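Peer 1: Residues in the sequence shown are numbered consecutively from 238, following my numbering. Beta carbons: idealized from backbone N, C-alpha and C, even for Gly. None of the values given here were measured: they were computed from a predicted structure.
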Amino acid sequence: MVGLAARTASAPSDPEGIMYNDYYDNGAAIAGLFVVFLISLLFALAFYVISSIFLMKIFEKAGVQGKWRAWVPVYNTMIFAKLGDISPWVVLIGIGLSFIPYLNFLTGIALAVVLALAAWRVGLKLQKDAVWVVLFVLLSIVWYGINAFDKSRWNPNIVPAPWAGNSFLADSTVWDGVPVQPRPAAGPGYGAPQGYGAPQQGYAPPAPQGYAPPAQPGYAPPAQPGYAPPAAPSTTGAPPAAPSTPPTAPPTAPPAPPAAPPAAPQVPPTDPTQPPA
């Protein structure tokens, strides 16, 4: 009893210590919130700088003029949506509605879906399959970096978007310096199914027809035989052969002179004592 009374008596004697502890706790909480805010701001700034660099490379592949467009917040997202065949005004409306309390949750989800659709179309134009959208949803900064620095080239000639006929979602804006994405040619519209014809009118008796004499057959003159010009002589035949000229024999060499006649045989002498002549 004595100890309890002593503690009860000494409790209100130290109000300054309690106030000091409360002040210290509040100051620590404020400092912690400031540190968290500062770290978040640094991460947001780093994300902005890195994503702007990646978007600048993607815009360069797509033929967008002016690298400064990738560094303007909100505007760069609108251009990204425009390259993805989505109206940039849809993105602007979604960003504006995200600041309204109690509505920002739904508009945030809708805006994320719209940007995912734009990333799907941009990826197709950069030779990426549809599964790459999963990477964009989970780690968009990685998706930006891969498409910015890989070997892919921009090819806008792909299949039309499923929402190409939607006047609200499809892109139809024209901005200087931003290439217009090809749109499918408007095909013949699907005609509305024809309804049943109007109910038949009541029976009306046919009006009596007056007598009409038969029409006299008109005289048709006989057709004149057409004139056909004579056929031109064919020029495809072989040309007449040139007259053959007898071959001229080359001049022959003059005949050799006849050989000298042989000498007459010697007549033997009649007188054997005489020498031969």
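Residues in the same chain with beta-carbon distance under 6 Å from A407, minus the five sequence neighbours each way, listed in chain order, please.
Peer 2: For A407, where only same-chain residues beyond five positions count, the Cβ hits under 6 Å are W400 and A401.
Peer 1: From the DSSP output, which residues share a beta bridge with I276?
Peer 2: Answer is none; I276 lacks a bridge partner.
Peer 1: Could you check if F317 is buried or exposed, using at least 16 other CB atoms within 10 Å of its CB as the buried criterion?
Peer 2: Buried, since its Cβ has 16 or more Cβ neighbours within 10 Å.
Peer 1: Would L334 and T344 be called neighbours here (beta carbons separated by less than 7 Å)?
Peer 2: Closer than 7 Å, so yes.
Peer 1: When burial is assigned at 16 or more other CB atoms within 10 Å of the CB, is D195 buried or exposed?
Peer 2: Any question about residue 195 goes unanswered here, given that the chain covers just 238 to 514.
Peer 1: On the premise that N392 lies in contact with Q179, defined as a C-beta separation below 8 Å, what is that separation, rounded to the nearest angstrom?
Peer 2: This structure does not reach residue 179, given that the chain is present from 238 up to 514, and the question cannot be answered.
Peer 1: Look up I316 in the DSSP assignment and say whether it is helix, strand or coil.
Peer 2: The answer is helix: DSSP assigns I316 an H, G or I state.
Peer 1: Whose CA, out of I290, N263 and V273, lies closest to the CA of I378?
Peer 2: Among I290, N263 and V273, the Cα nearest to that of I378 is on I290.
Peer 1: Excluding the five sequence neighbours on either side, which residues of its own chain have a C-beta within less than 6 Å of the C-beta of G382, listed in chain order?
Peer 2: Closer than 6 Å at the Cβ level, and outside the excluded window around G382, lie F291.
Peer 1: Can P325 be considered in contact with the ligand HEM, in the sense that its beta carbon sits closer than 6 Å to one or more heavy atoms?
Peer 2: This structure lacks the ligand HEM; in fact it carries no ligand of any kind.
Peer 1: Per DSSP, what kind of secondary structure is I395 in: helix, strand or coil?
Peer 2: In the structure shown, I395 sits in coil (DSSP, three-state: anything other than H, G, I, E or B).
Peer 1: For A401, report the span of its alpha helix (DSSP H) as first-last.
Peer 2: Per DSSP, A401 belongs to no alpha helix (DSSP H) and is neither H nor E.
Peer 1: Pick out whichever of I346, N263, N313 and G321 has its Cα sitting closest to the Cα of N394.
Peer 2: Among I346, N263, N313 and G321, the Cα nearest to that of N394 belongs to G321.
Peer 1: Quick check on this structure: which residue in W308, R358 and V368 has the alpha carbon closest to the alpha carbon of A283?
Peer 2: For the residues W308, R358 and V368, the minimum Cα distance to A283 belongs to W308.
Peer 1: Just to confirm my understanding: we take T306, look at its own chain, exclude 5 residues before and 5 after, and list those with CB closer than 7 Å. What are they?
Peer 2: The question names Thr, but residue 306 in the sequence shown is Arg. Hits under 7 Å: F296, Y312, N313 and I316.
Peer 1: Going by DSSP, what residues sit across from A407 in a beta bridge?
Peer 2: In DSSP, A407 forms a bridge with I323.
Peer 1: Is W357 buried or exposed, if buried means 16 or more other CB atoms sit within 10 Å of its CB?
Peer 2: By the 10 Å Cβ count, W357 comes out buried.
Peer 1: Which residue comes first and which comes last in the alpha helix (DSSP H) that contains V350?
Peer 2: Start and end: N341 to K362.
Peer 1: Go ahead and pull the three-state DSSP assignment for R306.
Peer 2: Residue state, collapsed to three classes: helix.
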